[in-house]
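Participant: I'd like to ask you about the structure that follows.
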Amino acid sequence: MTDTSLKDKRQQVNGKSDMEQEGGLVFLVQRYSLQDGPGLRTTVFMKGCPLNCRWCQNPESVRTHPELMTRDSKCVRLGRCAAACPSGAIVFQDAEGMSINREKCNLCFDCIDACPAGALRKVGDYLTIDQVMAEIERDELFYLRSGGGITVSGGEPLLQWPFVGGLLRACKSRGWHTALDTCGFAPWRALEKVLEHVDLVLYDIKHMDPRRHKEATGRSNRLILENVRRVPRNIRVWLRLPLIPGYNDSETNLRLVAQLAHEIGAEKVSILPFNRLAEGKYEQLGRPYAMAQTAPPSDVQLRGIQSFIESFGLMATIGS
Numbered sequence: 527m528t529d530t531s532l533k534d535k536r537q538q539v540n541g542k543s544d545m546e547q548e549g550g551l552v553f554l555v556q557r558y559s560l561q562d563g564p565g566l567r568t569t570v571f572m573k574g575c576p577l578n579c580r581w582c583q584n585p586e587s588v589r590t591h592p593e594l595m596t597r598d599s600k601c602v603r604l605g606r607c608a609a610a611c612p613s614g615a616i617v618f619q620d621a622e623g624m625s626i627n628r629e630k631c632n633l634c635f636d637c638i639d640a641c642p643a644g645a646l647r648k649v650g651d652y653l654t655i656d657q658v659m660a661e662i663e664r665d666e667l668f669y670l671r672s673g674g675g676i677t678v679s680g681g682e683p684l685l686q687w688p689f690v691g692g693l694l695r696a697c698k699s700r701g702w703h704t705a706l707d708t709c710g711f712a713p714w715r716a717l718e719k720v721l722e723h724v725d726l727v728l729y730d731i732k733h734m735d736p737r738r739h740k741e742a743t744g745r746s747n748r749l750i751l752e753n754v755r756r757v758p759r760n761i762r763v764w765l766r767l768p769l770i771p772g773y774n775d776s777e778t779n780l781r782l783v784a785q786l787a788h789e790i791g792a793e794k795v796s797i798l799p800f801n802r803l804a805e806g807k808y809e810q811l812g813r814p815y816a817m818a819q820t821a822p823p824s825d826v827q828l829r830g831i832q833s834f835i836e837s838f839g840l841m842a843t844i845g846s
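Taking my numbering, I'd label the letters of the sequence shown as residues 527 to 846.
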């Protein structure tokens, strides 16, 4: 089912479109993060992404509307979810538990309220900037003591750039360090406006070859590379390479990534090794997992790639 048809269904239930909703669509506010910039941070994860990476670690972040996820291990087989579903999307069998016809689901989320065990959950809520600020300001002391701050990630934050820009502006007014984690696939004007309130950009580079990039993400990297070259030099940049064995770990691609880092004056290259920890999320969303046959890189491979990038006079880290 397309996002458009899902929006149409949601409008029938909620009586308003996404454009009429207040605030930004957030699917997680993660406190005490150590992987999304310097120091101790709170990361705000925005929902919606223009890419469709085969290895995506946050598949619940891709679509631009709230979604329903299952937690089968919590299901106690009462069948109340099926009884509460107005569209007949949930079928319940004693032996096998529940199954959801995602084509029928109208995202009313009545099933969540009906389930006493918490085996169903909604992913994505529309929050105002004040609501997000009320959550992240709880750890202000940690940011100041650790040199940390706030990171806005996704999904792709720039899909909701007016909200993200306003949130980061509010964070800067409090004196907090700010970081933007982006794939860079957005109009330059959107990125430019958000960068007015950003200290550090965590910029994902999936592949340097446009054809190979499109094969695995659904989009060319032309705009991504154009944008990263336009980031002002007074803003720190960490290039992030999600390392996918057999896809972007060739010497040729790694050399081009290192050359790009030199060209734009990146502070470092962060190597983010592929893992299969997200496999369960795909099942909870009723989607196939495309990376089941891909093995994570070994420690030896990672150290070799780190050394190779460092040989270009760059700082390279495994992880953030």
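Using N, Cα and C, we set each Cβ at its ideal position, and we do this for glycine too.
Using beta-carbon positions only, say whether residue 646 and residue 607 come within less than 8 angstroms of one another.
Facilitator: In terms of Cβ geometry, residue 646 and residue 607 form a close pair [threshold 8 angstroms].
Participant: Once the 5 residues before and after residue 592 are set aside, which same chain residues still bring their CB inside 6 angstroms of it?
Facilitator: 648 and 650
Participant: Residue 675 CB to nearest chain C CB: under 8 angstroms?
Facilitator: Absent from the structure is chain C; it holds one protein chain and no more.
Participant: Per DSSP, what kind of secondary structure is residue 547 in: helix, strand or coil?
Facilitator: At residue 547, the pLDDT of 43 sits below 50, so the modelled position is not reliable; the number obtained from the coordinates is stated separately. In the structure shown, residue 547 sits in coil (DSSP, three-state: anything other than H, G, I, E or B).
Participant: Any idea if residue 566 is buried or exposed, counting beta-carbon neighbours within 10 angstroms, 16 or more meaning buried?
Facilitator: buried
Participant: Considering only the alpha carbon of each residue, which of 697, 629 and 603 lies closest to residue 615?
Facilitator: Proximity to residue 615 across 697, 629 and 603 peaks at 629, based on C-alpha coordinates.
Participant: Alpha carbons only, please: which of 838, 821, 832 and 658 is nearest the one belonging to residue 581?
Facilitator: It is 821.
Participant: Are the CB atoms of residue 805 and residue 792 within a distance shorter than 8 angstroms?
Facilitator: Residue 792 places its beta carbon 8 angstroms or farther from that of residue 805.
Participant: For the beta strand (DSSP E) that contains residue 618, what are its first and last residues?
Facilitator: 616-619
Participant: To the nearest angstrom, how far is the alpha carbon of residue 547 from that of residue 678?
Facilitator: Below a pLDDT of 50, predicted positions are generally treated as unreliable, and residue 547, at 43, falls in that range; no measurement from the model is reported.
Participant: For residue 571, report the span of its beta strand (DSSP E) as first-last.
Facilitator: 567-572
Participant: Which residues in the same chain have their Cβ closer than 8 angstroms to the Cβ of residue 475, if we skip the five residues on either side of it in sequence?
Facilitator: An answer regarding residue 475 cannot be provided, because it is not within the stretch 527 to 846 covered by the chain.
Participant: Please report the straight-line C-alpha distance between residue 719 and residue 773, rounded to a whole angstrom.
Facilitator: 33 angstroms
Participant: Please classify residue 619 as buried or exposed, where buried requires at least 16 neighbouring CB atoms within 10 angstroms.
Facilitator: Exposed, by the Cβ-count rule.
Participant: For the pair the segment 685-704 and the segment 731-746, tell me if three or more CB-CB distances fall below 8 angstroms.
Facilitator: Because the criterion of three Cβ pairs below 8 angstroms is not met, the segment 685-704 and the segment 731-746 do not touch.
Participant: Just to check my reading of the structure: residue 763 and residue 550 have Cβ atoms closer than 8 angstroms, yes? What is that Cβ distance to the nearest angstrom?
Facilitator: Their Cβ separation, rounded to whole angstroms, is 24 angstroms, which puts residue 763 and residue 550 out of contact at 8 angstroms.
Participant: Return the chain-ordered ranges of every beta strand (DSSP E) run that is complete within the segment 631-662 and spans a minimum of 3 residues.
Facilitator: 646-649 and 651-653
Participant: Can you grab the Cα-Cα spacing for the pair residue 779 / residue 760, in whole Å?
Facilitator: 27 angstroms
Participant: Which complete alpha helix (DSSP H) runs does the segment 782-835 hold, if anything under 4 residues is left out?
Facilitator: 805-811
Participant: Mind listing, in chain order, the continuous alpha helix (DSSP H) runs of no fewer than 4 residues lying wholly within the segment 691-726?
Facilitator: 714-721, all fully within the segment 691-726.
Participant: Mind checking whether residue 831 and residue 775 have CB atoms under 8 angstroms apart?
Facilitator: Taking 8 angstroms as the Cβ cut-off, residue 831 and residue 775 qualify as a contacting pair.
Participant: Whole angstroms is fine: what's the gap from residue 768's alpha carbon to residue 672's?
Facilitator: Near 26 angstroms, if we compare the C-alpha coordinates of residue 672 and residue 768.
Participant: How would you write the range of the beta strand (DSSP E) that residue 678 sits in, first residue to last?
Facilitator: 675-679
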